[in-house]
Structures are given as C-alpha cells and as structure tokens.
Amino acid sequence: MRFPMFALVVATALTGSAAPAIAQDGDPREPPPLGTPRAFELPDLTRTRLSNGATLVVVPNGEAPLVSIEVILPGGQATDPEGLEGASLLTATLLRSGTTTRSYADIVGEFDRLGASFDAVADADWTRISLVVLTDRLDPALDVLADVLTNPVFPAVRLETLRRQAGAALATQRSRPDALARRVMLREVYRGHPYGRQTTEATLAAIDRTSLREHHARWYGSESALVVVAGDVQPLRVERRLEEAFRDWGGEAAPASELPDLRPAGRRIVLVHVPGAVQAEVRIGHRLPGGDADDWLALEVVAHHLGAVPTGLLHRRLREAFGWTYSATARAERRVGPGLLEVAFATRADVAGDALAETLRLIDEVRSRPMADSDMEAVVNFLTGVLPLRSETPGQVADRVSSRLLLGLEPEDVEGVGDRLRSLVPGEVRRAFADAVDPADATVVVVGDATTLYGDLASFGDVRVERPDGAPISIEDLRPARRSHPLSAVDLAPVTLRYRVTLQGRDVGELTREVRGDGDERTVRSRLALGPQILAQSVTFGAEEFDFRESSMTLEQPGVAVAGTVRREGSTIVGRMDLGDGPRRVELAVPPGVIVSDMLEIAVWLTELAVGTELRLPVASISSGTVTNATLRVEERTEITVPAGTFDVFRIEVTGAEAQTMWVRTTAPHLPVRVAPGDQPIVVELVEIGGAPAGLP
Amino acid sequence: MTGRGFAAPGMPGRMAVLAWSLAAAVSSGAPLRAQGAQPPIEEARLENGLRVIVSPDRSTPIVAVNLRYGVGSGHEAEGRSGFAHLFEHLVFQGTENLADGELERMVTEAGGVVNGRTNTDRTEYTEVVPAHHLERVLWSHAERMRRLVVTEEGLARQREVVKEERRLRVDNTPYGEARITVDTLAQDYAPYGHSVIGSMEDLDAASVAEVRAFHDRWYRPANATLVVVGDTSLDEVLPMVERWFGEFDSGPEPARLPPPPVGPRTDGERRADLEDPLAQLPITYVAWTLSPAGHPDLPALRILNRILASGESSRLYRGLVVDEGVATQIFGQVESRFGPGLFLLGALSGPGVDPAATESRLHTVVDRLVSYGPTREEVERAVNQLRAERASALSTVAGRAVAIQEATAVSGDPSAVGTGMRELTTVDVDEAHRVARRWLTDDNRTVVVARPVDRPR
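Chains A and B supply the protein sequences, listed in that same order. First residue of the first sequence: 1, per the working numbering; consecutive thereafter. First residue of the second sequence: 698, per the working numbering; consecutive thereafter.
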C-alpha cells in the first residue's frame, strides 16, 4: 500500500531539479505581451469519388493512433413519414443488430473486441454513422462497418428491445428539465414544419420492420453518401481499402427532400408544470434562415456576443451581475432548412420573470444597436483563435469538413474564415440579426412549478400550461383558491349510506359511508370492498368551519399493505404514509380552507345548489404531495333510477382535482345517488340510506 | 465541480475517461505510434517548491496549461464544507491586476477555454489557448495564486451561483442525490464524509476573512503542480514561470490527508432506498469500496468493470438489457482517488420493472464473474477498449495535461503517464479472477436504489 501523492511531493521537493532564480523583470500590474502568433493550416484534404458513387474525403491529421470514419446519409428525422416519427433513428440504431451473415452478438462483440466505438444516429437532417478505431485495428473494423451498412436485417426481437429503450428514453427526457424544455421548444418553434414532428410512444409503436426496410432502401444508397476519414491515415491506402470494403454497397441516389420555410407565428409561451420543481428551466427559441444563407457568419457572431460563456452578454448580466443563474447561453444552430437560435438558462423560480425580461431586452439590444468595435473585435478574435483548438482531434477535423460539405458549401481554409470574419462591420452584423430575429416572435418555454411561475410569465403574453406529457392544464386548477362558498357542517346529521360498485354493469364490490360525530367535530368513515381488496378510510373535520383535522387509511390486499395517518398542524398537513414501498413522512403546506379528497362529497351535501352553481375549493392530495383546485359545476337537473329508487337529481361535473361526475339529490342534504370517477371505469350507485353502522372500522 | 459528477444515466460508457487516465502506453511488440507513445516529459522545480512539467507537442499551435493545487473537499475543516470548490468561482472574480471577469474574457477572447474542477483531493484549473498566449495565462495563474481579491460583494454573488449549481446538478437532476449517497455511504473515510459542493449553511456562514485565510493556506507554490502541454518547451516555459512565480514564498508544507483504510470493507452490505421526485424510472447503483489510487489491483479492477459494464457485449448489458429486459441502460466506472475509491455499476430499470428484479439479476451476473472468472477473450477486449480510450483521452493537449497530473499525483513521477498501459497488459485471466474474488464481495458492497415518487390518485 502506498500513499503516493503527498509523500512524493515532499520527497521530490528535496531532490527536484530546482532552477536558479532569475531576476524579477516582469511588472505584475500589466499582463505580459503576447508572443508571436504561429501559422496554422488545416491539414490537406483529398476528395474523390468511390466507384460506388459515394464521395470520399480523407484528412490525415493528429499524432494519436486513431482513425475516425464518418458515413453521412441524407435521411434525417425530417424525412420520417408522418405517424412514423423515429423511423430514421430506429433504422440507424438497429444497424448493429444483425446482418445476413452476422448476429447482433457477433457485431457488438467484434467492435468491442477491437476497442472500436461505433455509433449511428439520425439528427434533423442526416443519418450519421461513425466509427473511431485504433489504427492497427482499422481493417477488421471496416469490414464490420461495411456489413452493417449494407446488409442489415432488423431482427424483430431487437426491434422490440430498442423500441422499449426508446420509450424509456422518452420517459427520461420528460424527467430532465433541460431535455424536456428543449423538446417543447423545438415542437413550438417548428410547429407545422417537418423539423417540429417528434417521436412519441405512439409513433414508436407504429414502426415495424417494413418501415425500417423501406427507410434503409430509400436513404442508404451509396450514391448520395459522404464518407469522411480523418486521423492517422494515408489517403491512397485508405481509398484502396474502402473500395474493397464497400465493393458490395450500391443503391440509387436518395430522393431530394423539400424543406418548407417557416413563417413568423407571434410569441408563444409554454409553461410545463412540474410540481415542486426548485428551479425554472428556461428556453427561448427563434427560427433562423436556412443553412446556405449568406448571413450565417454574421448570425454566429451575434449569437456568440449574446450567449458565449463566459464573455457573452447573457452570462455577464444574468450570472455575473445578478447571480440569477449558473449558466446562460445562446447558440445559433445551422440546419439545411430553417436554423434555430436557442437561449438556455435555469434559474430560481422567484427571479424567472426578471431573468426572462432581461434576456428579451438583451436580444432587443443587439438587434437595435450595433456592437461596439471592441466587442466585435473580441468575438472575431475568439472565432479565429478557436479554429486550431477545434481542429485538434480526427473527429473534430472530420466534423469541420463534413458540416460545410453537407450544406453544399466548400470546406474553408483557416485564412479564408479569418478574412471573412475580419471584413464584417458592426452595422452589417446588426442588420443581419435584426432581419432574422424579432423578440415578439420568440418562443418561450419554461419548465417548473406553474403555481409559482405563472403570474410572472403571464405578463409576457398568453401562457399555455401543460403537463410533461404535453396534456394541457388550466392554471386555475393549479392555483390554490379560497373556497368559493362558506361551508359549515354544524347541521350534518348522522347517516349511513350503502352503495354498490359496478364495472360494465357487473357488481364488483360495495361501498359503505357513515357520518358520525357531535360537538365541534364530525367524522366520515368509508369502507370499500372490491374483490379481495378492502380500503378503509376515516376523515375528521371541524363542524363550524368544515376544516380538515385528521385522516387515516388502510388498504388490505393480499401481498400489499398500504397505510397512512395525517393531521393538520396550522398551515401544514403532517404525518406518515406507506404506499407499499416503505414508510415516508408527509409534510405538505396547504392554503386556508383546504380539504382532502374524502371531504369533497360532503362539501356537496352542505352547499345550496341550483343548475349553474359553481363550487370551487382547494383539495390536498396526500399521496402526490400537491394541492389542486376542484371545480364542481351543476350542469343539469334530471331524474335517474338506482337500486335505492328513482331520484330527482343534479348532475355535477368535477374538474381539476378529483375529476368525476356525481348525481346528487336535489333536496338537502344533497346525498350522492350515483358517482362515476373520472379515472376508473367503475360506477358507484346508492343502494340504501340509513341502515346499521355495523362492519365499519 | 466535475470530480465526482456522473449523476445522469444518459451518458454511460464515456465516464471512465478520466478515472483511468493514469493508465498509459506501451506494450510489447507493436510500434510506438500504434500504442500511443510515451509523451515527452521535461520538468523542473522552483526554489519555492512549485513543480513545473512540460510535454512539448508541435503539431498544432496551441498549449494547455493545467495548475493543480493539493486541496480538495477532503481538506476542509468542519464547518468549512464547500470552500475548496468555492474558489473555482472566486478566482474568476478578480485579482489585484485582473478585474472581475477579466480572466475569462482574456482567455476566451483569444479563442481559448478555461475550466476549473474540484474533487475530494485537489482543485485544478485548465486553460487551452493559442500558443502565443502562454505567458499571459501563466501570469494570470500567478495572480490567482497570490494576488486574489475577495470582497464581501463578490463572495455573496458567488455563493448564489454555487447554490444554483447545486440545484442544477443535484437538486434538480434526476438521480443527483442518489449518486452523492453512493459516495458518502460506501466509505467511512472522514475527509470524504461530505459532498464536494458542500453545505449551503457552511457557505452562508463563511466570512470574507475565513475565505481569505483558506486561500492563503492552500494556494501556495509548494502545494501546486503546473503542467504545460503543447507547442512549447521547458526552455521557453521556465523563464516565464520564474518571472511570475519566482518571488512567492513557498508557504506551509502541504498537508497530507490522514491515511485511508486499506483493503475491502468486511462489515457487510450497506444500502439506501431513496425516492427521487424527478426520476421517471428506478435506478440501481451497486458499488464496492476500493483502496486508494496506486493500489496494484486497480488495473485488474478496471478490466473487470469493462467486462461487466462496457459496451453491448458486456455481461450486464447482455444479461439485463438483452436477455432479461430488466434494464434499459447499464453503466460502470472505477473511481480512484487518494482515499477510498469506488467500483461502481449502475442499471436503469425499464418502465414497469421492479428495481428489485434489476438488482437481483445484477448480483447474479456479478456473482458468476466472481465464481468462475472472466474469459481470455473478455480480458483482451477490455484491454483493447482501455487502449482506445486512452489514445482518445491523450489526443488533446488538455487531456494529456490532466493525465500527466494524475500520473504525478499517484506515483510522483509524471512519466508514469506512459507506463500504466503495461500494467494493464500484464493482467491475465487468473489475476483478474483473484482480484474479483478479493474485492467484489457482498460484505464490501453498497447498494443505492432511487425510485420515482408514486403518484396514485
């Protein structure tokens, strides 16, 4: 056993080759002058056409014993047929799952054995298949690459596995505020455009082996492919080797894909509600011109000025001046079709509105005022200085070359980019940005707790509130309201109600509800028997104010034990519960007038009702730890028959919390005669009023 | 704070890049270039103790400058948690001759990048810049080392930024808390008892005077190692370093952390079951506590981790994802540090899969490896993967600078960056089997399961 680090620091301090001190000749108050810039050129590239029609670009570079090969094909996610979104991605990810001569295990085993990284993905415009491998393992790896590219069989079992994984990835995406915010932003910015279509569980389910074979036949032909090889290679040798490896790869040119323009659509604001989220994840998106537009260099300059870390305006203001965020960025994403300006930051909920206002103000500032010469110079220095830094590894060089070629542009030499950057003037740059971007047309997406964020966002325009799965919700249902009606249970008399529970007309269980109590408290006990499952609940509330005091529940079911007890302490509900996965503490802050779900029905008994009456009150859900408003609206007066007889009833629709339909007696107390819960296919109908309280817990 | 961070399951497979970066090149037979040759090393030490290591590479006109201080969260006294990491932020706030934000501006306007990282053992700052900016960057390090200015206002602001960072990386990231729990639960080494990012209470309570005293104690030449990689040489670097650092006092002798425990734990499995309100799917982390960096069993442990969890032909991927469908993602990592390290495996359960099923299957796969050992082909595969990964990590000047720092920290000898690969290639099937039996025991195991919060109506 050694304790290396510190022991050796001390040891070498005694023996190390200390250099003699030289006279201090630098004045620390001034940064030392820069040295002489050294020339840098991208390595020479050779471009040829393989005999199967594919374009081959070879860029020898770097000292590392690595080769990077990228095969780029024109079928990206924007080419997925409607309803089959995800087909391009599944085709790419299934390539390694089996060929006519190699099994899935053979392929991944071979790549892993060679230490090769193989990847295949589809972005909006392209499918990209990449291989990075040690130089001395290139030959065998290339044979496997050629095989998966040309002879995939898309085995059904693997399709199922990958479909399941893609579904899990969607779930993960929805659980990550940053990924969720970006997904919603892309959907909104590109609404109505092929770039806006998104993979969902439903589209994944619709994709079958035929869709994959069709995608492969249509888009994987060699004629339209671009192959970029970079790293530790010699062009002639690699060309010979590829000719040999790709000799069986053929196919027609891919169809030309048409990407429509995007029209301005006004400001859209989407608030994705994640209850209890401690942060607001903010994205601002705006469409940009297509990738071949002349203005792109200018747009990149402004995006950098706005959103580079740490010199950009957003970072300087949002992080350094206000401490509102850890990081704020802006970037311009170039695509074949309309590009994207994306601003991203996460911040505390209480300053989200301020941070958004400041961001929109900064965007407006850069479009209305030319950049200062010093800022312009700084950005141009960065963009030219960064060229060698981003051309270090084989993969970086390959990307650099391919990204230009794919937009139909010639690869640029370093001198050329530098010259073009230096020729830009602030007025021109501002005009290009102002022509492309208008804050009034920006899409704003915020992921966070809507109950705290909504007010601030509403000052920027109409806000759509939705759940992480995209389903719209009303902010009114999330904002804990005061009760719309005063409620008192002083006159609530003891009663026992017996109901039957049916599923598609069949009896499946029984519900008994009993009201008891005197003095200043009332208690409602319920017992629901559904097959082998018995749910017993009890809730106690104050008679005078109909205020929640305590409740308990137990669920007995073979193999499952669920139990909980909670009580009100001031403005908090506290207690413990175990939903079958271990006990946990409950601590939920609640507004005045809050009830729990078992009191909802009693609230109806106690309210004076007529058609059109709307009752609104906050309901705490102990299991989910949220408070949501329930809105009860009397929709009509009608007559229904249940086992207990025929009744004159009001039909009440409950929305927000505890969504359900209730039919209650028109005479007070308005006892429920029939209840149809919104989330289960069962119906509860009154059998008997009165009766003995026996059998209740 | 990247030293301990791999919370997200979205990025398996890439995480071990730095963890094994002390391992390096050269095995028998193959040409030097194909093996990733030993990077050239030149070194010197100033009288005040500052160690200077240069690795010239003339292929691209850029340099990476990496200055590492021997202070991490493990050196923090009680009530001072989060101090080491706080400086990752404070050093950019201004020095006597660099205004607030000026340092980052200076580097990035040159097209360069600047980064700070803290873990339990050390704090390091890396810049990559065009080569003609080298001296200016060295000067900025001298400013940060001895002429830092900490103001009340600057401290208050950076506290807020750190809190946002914690919310971003831990509180608002699925599995963030679970990953930190694995670290603290798996070992009893007191210096590693709190997280790198620290407690908000300690940071709130920190006075400017305390923060200045912390800096004065640790940011000293004798507690620092400077590595420069790229288009330069020691002949060029040394006069610059003398010019800007030569006048500084060496400072107190660097403090050692107390000796960490050796050998696998024998006190039994530890476990934690957490609820994660941000998670959509359950995650299962299974970790074994390791001895510190430099332990001779580490090369074999890296190989075993690969065999279990790297790539689609790995045992866990085949067993849990392909055959049984009880997981959708698998990941693995060997974390080695001055104190106890971790052999970590993780699995993300599929929708509707009970994490207990995922965990049970994971144990079965590991037990089988422990009982019967790996195959020759598996060991060969793992070594090839580690070679390729190392070549990739060393293909950038910044990656090489980090690897040289790691090699120096572990063995004291920067040229060890070129010898670690040999250790890997000497691991055979029997050695791997012996190491698996020694370390991957039930008594040395820590299990952390984080599941989504149930939301029944």
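Glycine residues also receive a C-beta, built at the ideal position from the N, C-alpha and C atoms.
In its chain, beyond the 5 residues on either side, no residue has a beta carbon closer than 7 Å to the beta carbon of D518/A.
Shown in chain order are the members of the segment 300–311 of chain A whose Cβ falls below 9 Å from a Cβ of chain B: A308, V309, P310, T311. DSSP places L409/A in the coil class of the three-state scheme, outside both helix and strand.
Scanning P32/A, R390/A, P65/A, F650/A for the CA closest to the CA of E636/A turns up F650/A.
E281/A is classed as buried because its beta carbon has at least 16 other beta carbons within 10 Å across all chains shown. In this structure, L900/B sits away from G769/B, with a CB-CB distance that is not shorter than 8 Å.
Under the 8 Å Cβ criterion, the segment 966–981 of chain B counts as touching the segment 1139–1146 of chain B, having at least three qualifying pairs.
For T161/A, the neighbours in chain B by C-beta distance under 8 Å run, in chain order, V1018, V1019, G1022. Within the segment 1088–1099 of chain B, the residues whose Cβ lies closer than 8 Å to some Cβ of chain A are A1088, S1089, L1091, S1092, T1093, V1094, listed in chain order.
Inside the segment 852–934 of chain B, DSSP marks whole beta strand (DSSP E) runs of 3 or more residues at positions 921–927, from first to last along the chain. The distance from the Cβ of P74/A to that of S222/A is about 12 Å, inconsistent with a contact at the 8 Å cut-off. If you draw a straight line from the Cα of Y889/B to the Cα of T36/A, it is about 46 Å long. Annotation for H1130/B: no beta strand (DSSP E) segment contains it, though the alpha helix (DSSP H) segment containing it runs 1126–1136.
For D1064/B, the enclosing alpha helix (DSSP H) covers residues 1052–1069. Here the alpha carbon of D469/A sits roughly 25 Å from the alpha carbon of D350/A. The three-state reading of DSSP puts Y195/A in helix, counting H, G and I together. Between R1078/B and R113/A, the gap from beta carbon to beta carbon is short of 8 Å. C-alpha of V938/B to C-alpha of L865/B: approximately 37 Å in a straight line. Taken through DSSP and simplified to helix, strand or coil, Y1014/B comes out as helix.
Bounds of any alpha helix (DSSP H) do not take in H273/A; it lies within the beta strand (DSSP E) bounded by 268–273. A Cβ-Cβ contact shorter than 8 Å links Q855/B with H786/B.
For L831/B, the neighbours in chain A by C-beta distance under 8 Å run, in chain order, G35. Interface residue (Cβ-Cβ distance to chain A less than 8 Å): N869/B is classified as such.
Inside the segment 400–469 of chain A, DSSP marks whole beta strand (DSSP E) runs of 3 or more residues at positions 443–448, 463–466, from first to last along the chain. For N1081/B, the closest Cβ of chain A is nearer than 8 Å. Those residues of the segment 810–825 of chain B placed with their C-beta closer than 9 Å to a C-beta in chain A are V810, V811, D818, R819, V825, ordered along the chain. R665/A and V673/A have their alpha carbons spaced roughly 7 Å apart. Beta-carbon to beta-carbon, E550/A and D520/A are separated by about 14 Å, too far to satisfy the 8 Å threshold. Within 10 angstroms of the beta-carbon of S474/A lie fewer than 16 other beta-carbons, which makes it exposed. Inter-segment contact for the segment 733–752 of chain B and the segment 1092–1102 of chain B is present: three or more beta-carbon pairs are separated by less than 8 Å. Rounded to the nearest whole angstrom, the CA to CA distance from T48/A to A64/A is 25 Å. Put simply, the CB of Y326/A is near chain B, with a gap under 8 Å to one of its CB atoms.
Nearest neighbour of L747/B by Cα position, chosen from P758/B, Y766/B, I759/B, P753/B, turns out to be Y766/B. Note: D648/A is bridge-paired with E639/A in the DSSP secondary-structure output. Residue burial annotation: R420/A is exposed, with fewer than 16 other C-beta atoms found within 10 angstroms of its C-beta.
L114/A has no beta-bridge partner at all, per DSSP.
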